[in-house]
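Some notes on the structure that comes next.
Here's what the structure looks like:
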């Protein structure tokens, strides 16, 4: 029965990833404000294909737009494409599409880059190992009995001002509530808490056009809550810090992670964040040196 289920799952998965042949991707890159085409914009098109478990992957093409801001890319096969673009003083932007036909037009509008020298960034794409930003719940684990001590849960929060993780929640802006639930053999923290002086506000993918890191650059001043239970479709949060006057945003990775050492196991999520220490709501991230292919295929760059 198990093998029958796996076979049905595999066939269903393959049918949902049905490759088209002779893929043609075209489009125009324009200025979001003026609507004018952007010549010499950098464009990367990635095409996902999957004929079987053994024959699956991506192909990519790097293109420069012509004098009318147009680009064109061809692929032998595929079921999904991603297009990302940037230009001098503008971008980046991206768009993903499942292929219902073998031809598709994807037009991108790029916003002008505004410098924001006071913004502080802490991106999980720039760190490895213990330096990775990671919000967590820590549970003692007894190796001899393979038992967790759920009555000894410790939570580690995050302080935007110092960009550090700490067990002192009084000096943290956000943390996971020290309760967990078990789903499909995973232990999960699922309630996010904000310090009483601040608040949190969830953001979903349908609320921005490309990437939460670059889009929605102004933090709201109202609508924050002290406690939020994860639904599973959040892309991140705006954060009003515990001082009640500075703002940030946090972009969680989709997958939950765990790590263990010294008799403890940590459950939580990696994240990236932006922080504006000057008391304004300006969270505009102005970096333009992003690798466009990584912007499309690296799930951390959300």
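In the working numbering, the protein residues as written are 667 to 968. Positions of the beta carbon are idealized from the N, C-alpha and C atoms, including for glycine. These numbers come from a predicted model, not from an experiment.
Taking residue 926 as the centre and dropping the five residues before and after it, the same chain places the C-beta of 807 and 932 closer than 8 Å to its C-beta, in chain order. Between residue 846 and residue 920, the alpha-carbon positions lie close to 17 Å from each other.
Per DSSP, residue 960 lies in no beta strand (DSSP E); the unbroken alpha helix (DSSP H) holding it starts and ends at 958-963. Taking a contact as a CB-CB distance under 8 Å, the pair residue 868 and residue 894 counts as one, their CB atoms being some 6 Å apart.
If you draw a 10 Å sphere on the C-beta of residue 740, you find fewer than 16 other C-beta atoms in it, and that means exposed. Between residue 693 and residue 773, the gap from beta carbon to beta carbon is short of 7 Å. In the three-state DSSP reduction, residue 722 falls in the strand class (E or B). For the 7 Å CB-CB criterion, residue 961 and residue 937 do not form a contact.
In terms of CA proximity to residue 721, 743 leads the group 902, 743 and 704.
Beta-carbon to beta-carbon, residue 950 and residue 790 are separated by about 20 Å, too far to satisfy the 8 Å threshold. In the three-state DSSP reduction, residue 707 falls in the coil class, being neither helix nor strand. Relative to residue 964, the option among 770, 903 and 750 whose CA is nearest is 750. By the Cβ-count criterion, residue 715 is buried, with 16 or more other Cβ atoms from all chains shown falling within 10 Å of its own Cβ. Per the C-alpha coordinates, the member of 907, 796 and 778 positioned closest to residue 827 is 907.
Measuring C-alpha to C-alpha distances from residue 684 to each of 717, 733, 898 and 935 identifies 717 as the nearest. In this model, residue 946 and residue 955 are separated by some 25 Å (Cα to Cα).
Of 953, 712 and 695, the smallest CA-CA separation from residue 881 is found for 953. Between the C-alpha atoms of residue 753 and residue 695 there is a straight-line separation of about 9 Å.
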